[in-house]
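**Q** Just dropping this structure here.
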Amino acid sequence: MRKCPRIPASWRLTWERRTKVSTAATETKTALSISGLHAWYGESHILHGVDLKVHQGEVVTLLGRNGAGRTTTLKSILGLVGSRKGSIKVNGIEAIGLPTHQIAHIGIGYCPEERGIFSSLTAEENLLLPPEVQAGGMTIGEIYAMFPNLEERRHSQGSRLSGGEQQMLAMARILRTGAHLLLLDEITEGLAPVIVQTLGRVIGQLKDRGFTIVLVEQNFRFAAPIADRHYVMEHGRIAETFSAAELEAKMDMLHEYLGV
Amino acid sequence: MTEIFGIPLQAFLSQLLLGLVNGSFYAMLSLGLAVIFGLLNIVNFAHGTFYMMGAFGAWLLLQYLGLNYWFALILSPIAVGLLGVLVEKSMLRWLYKLDHLYGLLLTFGLALVLEGLFRQQFGVSGQPYQVPDLLRGATNLGFMILPNYRAWVVVASLVVCFATWYVIERTKLGAYLRAGTENPALTQAFGVNVPRMVTLTYAFGVALAGFAGVLASPIIQVNPLMGNNIIIVVFAVVVIGGMGSILGSILTGLSLGVIEGLTKVFYPEASSTVVFVIMAIVLLVRPAGLFGKEK
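Protein sequence lines, in the order shown, are assigned to chains A and B. Position 184 of the first sequence, counted from 1, bears residue number 184 in my numbering, the numbering being contiguous throughout. Position 263 of the second sequence, counted from 1, bears residue number 523 in my numbering, the numbering being contiguous throughout.
Take a look at the structure:
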């Protein structure tokens with residue numbers, strides 16, 4: 001009787017391997033994957049199990065009222081909250097246990113709500129401050145081409161810049177570092193309409209360059225035309241998610257959540 | 261003989277030099293305090309103790325290892341800096357989120373403990389330390405006799421202070437430090453290892469005090485209480501200059517040394533209190549200090 005051909009060891013587990021490979025493939029396409037995220041500031045429990053996913057090259061907004069937990073979600077990704085629990089994967093790397101300065105190096109650029117321009121540094125020092133985290137960031141030339149004002153004001157002290165210039169600078173300085181996932185918190189807040197328009201154009205250009213962007217926005221009119229998908233947050237959770245195409249149909253629901 | 265306001269020029273200039281020498285020590289010590297306070301938010305009361313240990317380091321290196329002044333000038337501050345790393349990592353680290361007061365109390369306690377240990381071991385009589393051969397003697401400038409070693413102290417401390425100022429205000433490393441002083445959380449979110457920077461800053465600040473201690477050892481007796489004597493004046497200097505200002509602490513340190521020296525010439529009775537009188541006036545007029553910013 002002929003023996004059954006032995007299955008070589010290298011063939012076994014093929015299915016397992018295949019799924020592993022394919023999850024690896026989708027994982028590289030997922031820039032940011034958050035699941036079951038809880039966050040606390042001291043005693044107060046702010047996030048109650050946030051789940052969200054952002055694919056590479058996508059522009060996603062976090063909408064919601066003040067205090068819904070949108071800023072805290074961004075801060076939790078970077079470990080800037082009191083404590084956090086759950087899973088935050090950036091480019092497939094688990095970040096929940098990493099200290100803040102290592103999280104930046106897995107490819108995150110962060111633009112805080114208060115802009116965080118250092119007043120004791122010049123505009124150019126601010127621009128050059130964040131260390132390079134990955135190869136292939138934008139060059140200074142490209143950045144100045146995108147934000148011509150910053151080149152003119154490069155020797156000014158950070159505190160002397162106007163609100164719009166500070167916002168441009170806060171965006172510009174994270175483009176140099178090679179980070180491909182940008183977390184932008186309320187970048188249009190308190191700015192003149194013409195500057196908001198410029199920022200809209202900039203976000204479009206960044207999207208074309210392949211950046212993945214998470215926008216926390218209050219200004220829905222700014223966010224709607226540039227985003228691929230929207231998440232709505234309430235009480236420290238994701239309440240709704242829908243794509244740009246579904247926006248029309250969801251307007252009533254959105255008005256209710258945002259109270260606009 | 262030439263006189264200024266009835267004081268012989270010779271006496272005037274030698275007190276001026278003495279004031280500059282003292283001012284150099286004030287400048288180095290208050291600079292270290294300012295840098296530490298800026299980034300760590302800790303009022304380092306142990307600063308005088310690190311200064312004393314720098315001087316003892318020089319004496320011990322000579323006594324037990326036969327290493328001369330020039331080796332001590334490098335090795336002793338390094339040893340003091342390493343001790344600073346240990347103190348920061350094991351103790352100060354836990355205090356950053358608390359009120360200033362806790363840092364002050366801890367470093368004050370640490371100063372008492374370390375000083376007690378040195379008193380126990382070496383007594384309070386003081387150990388002599390020789391001026392290095394290269395810097396012995398004095399130079400006759402025509403209008404005054406300039407002791408070489410004192411001139412060296414002024415030059416060395418000016419070089420160290422302005423090099424520190426340059427690094428902090430004009431280099432990339434300094435930009436990290438300034439950014440970390442202003443907003444440590446955001447600086448860290450950009451990927452700068454702020455905890456390590458904090459440790460190194462503390463180490464550098466106390467190493468600067470150690471360096472000052474080595475410079476001082478041939479001038480004053482190496483003595484466990486030498487830190488105590490100077491630190492009170494240095495804190496007054498820091499209050500006058502404004503906590504956290506780099507250039508402010510250097511300039512205030514030097515000028516108060518000079519003012520103190522000149523007071524010795526014109527009204528000796530006030531020489532030990534003049535700094536505190538100035539401190540009181542500055543606190544009344546500009547509570548944040550001459551160079552400080554309101555927080």
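Even glycine gets a Cβ: it sits at the ideal position worked out from N, Cα and C.
1. Does the beta carbon of TYR110(A) sit closer than 9 Å to a beta carbon anywhere in chain B?
2. Contact between the stretch 148 to 163 of chain A and the stretch 120 to 133 of chain A is defined here as three or more beta-carbon pairs at a separation below 8 Å; is this criterion met?
3. Kindly list the residues whose CB is nearer than 6 Å to the CB of LYS85(A), restricted to its own chain and excluding five residues on each side of it in sequence; keep chain order.
4. Using a Cβ-Cβ cut-off of 6 Å (strictly less than) and excluding sequence neighbours within five positions of ALA411(B), which residues of its own chain qualify?
5. Determine the closest residue to THR309(B) out of MET539(B), TYR527(B), ALA530(B), ALA469(B), with distance taken between C-alpha atoms.
6. Give me the Cα-Cα distance between THR533(B) and ARG456(B), rounded to the nearest whole angstrom.
7. Per DSSP, which residues does ALA39(A) bridge with? Please list them.
8. Among all the DSSP beta bridges, which residues are the ones paired with HIS235(A)?
9. Would you identify the three-state DSSP class for ARG17(A), choosing helix, strand or coil?
10. For a contact defined as C-beta to C-beta under 7 Å, what are the partners of GLN448(B) on chain A?
11. Alpha carbon to alpha carbon, how far is ALA244(A) from GLY451(B)?
12. GLY341(B) and VAL545(B) look like a contact to me (Cβ under 8 Å); what is the Cβ gap, rounded to whole Å?
13. Quick one, which residues of the stretch 174 to 205 of chain A are near chain B if we go by CB-CB under 7 Å, in chain order?
14. What whole-angstrom Cβ distance do PHE536(B) and ALA496(B) have, given they're in contact under 8 Å?
15. For ASP185(A), count the other beta carbons within 10 Å of its own beta carbon; 16 or more makes it buried, fewer makes it exposed. Which is it?
16. Beta-carbon of VAL525(B) versus every beta-carbon of chain D: anything under 9 Å?
17. In the DSSP output, what is HIS360(B) paired with across the bridge?
18. Span of the alpha helix (DSSP H) holding ALA249(A)?
19. Going by beta-carbon coordinates alone, are LEU150(A) and GLU132(A) separated by less than 9 Å?
20. Shorter than 9 Å from the beta carbon of ARG84(A) to some beta carbon of chain B?
21. Against chain A, does THR424(B) count as a neighbour if the rule is that its beta carbon must be under 9 Å from one of theirs?
22. Kindly list, in the order they appear in chain A, the residues whose Cβ is closer than 7 Å to that of GLU348(B).
23. Taking just the CA atoms, how far does GLN218(A) sit from ALA68(A)?
24. With DSSP as the reference, label LEU215(A) as helix, strand or coil.
25. In or out: ARG221(A) buried (at least 16 other Cβ within 10 Å) or exposed?
26. Starting from THR461(B), trace the alpha helix (DSSP H) both ways and give me its first and last residue.
27. Excluding the five sequence neighbours on either side, which residues of its own chain have a C-beta within less than 8 Å of the C-beta of PRO225(A), listed in chain order?
28. Give the single residue among ALA135(A), PRO148(A), GLN56(A) whose Cα lies nearest to the Cα of ARG176(A).
29. Applying the criterion that 16 or more other CB atoms from any shown protein chain within 10 Å of the CB defines a buried residue, is THR523(B) buried or exposed?
30. Where does the unbroken alpha helix (DSSP H) through ILE229(B) begin, and where does it stop?
**A** On the basis of the coordinates in this document:
1. It does; some Cβ of chain B falls within 9 Å.
2. Verdict: yes, contact present.
3. HIS38, listed in sequence order.
4. Excluding positions up to five away in sequence, the list is empty.
5. Of MET539(B), TYR527(B), ALA530(B), ALA469(B), the residue nearest in Cα terms is ALA469(B).
6. Spanning the two alpha carbons is a distance of roughly 40 Å.
7. Answer by DSSP bridge pairing, in chain order: LEU47(A), ARG84(A).
8. For HIS235(A), which the question treats as bridged, DSSP gives no partner whatsoever.
9. Confidence at ARG17(A) is low in this model, with a pLDDT of 45, below 50, so its placement is unreliable and the value that follows should be read with caution. The answer is helix: DSSP assigns ARG17(A) an H, G or I state.
10. Per Cβ cutoff of 7 Å: THR100, HIS101.
11. Cα to Cα, ALA244(A) sits roughly 33 Å from GLY451(B).
12. Going by Cβ atoms, the distance from GLY341(B) to VAL545(B) rounds to 37 Å, so no, they are not a contact pair.
13. Residues passing the 7 Å Cβ filter: none.
14. The pair is a contact, with the Cβ atoms about 6 Å apart (cut-off 8 Å).
15. ASP185(A) comes out buried.
16. The displayed structure is made up of protein chains A and B, and chain D is not among them.
17. HIS360(B) is not bridged to any residue.
18. Taken as a continuous stretch (DSSP letters only), the alpha helix (DSSP H) holding ALA249(A) covers 247 to 258.
19. No. Outside cutoff.
20. No - not a single Cβ of chain B is within 9 Å of the one on ARG84(A).
21. Chain A has no Cβ within less than 9 Å of the Cβ of THR424(B).
22. Residues of chain A passing the Cβ test: none, with the nearest at roughly 17 Å.
23. If I take the Cα positions, the gap works out to 12 Å.
24. Three-state DSSP puts LEU215(A) in a strand.
25. Counting other Cβ atoms within 10 Å of its Cβ, ARG221(A) stays below 16 and is therefore classed as exposed.
26. Its alpha helix (DSSP H) spans residues 454 to 476.
27. Cβ neighbours of PRO225(A) within its own chain (closer than 8 Å, five residues either side excluded): GLY200.
28. Ranked by Cα distance from ARG176(A), the first of ALA135(A), PRO148(A), GLN56(A) is ALA135(A).
29. Burial of THR523(B) is indicated by the presence of at least 16 other C-beta atoms within 10 angstroms of its C-beta.
30. In this structure chain B extends from 261 to 555, so residue 229(B) is not present and cannot be described.
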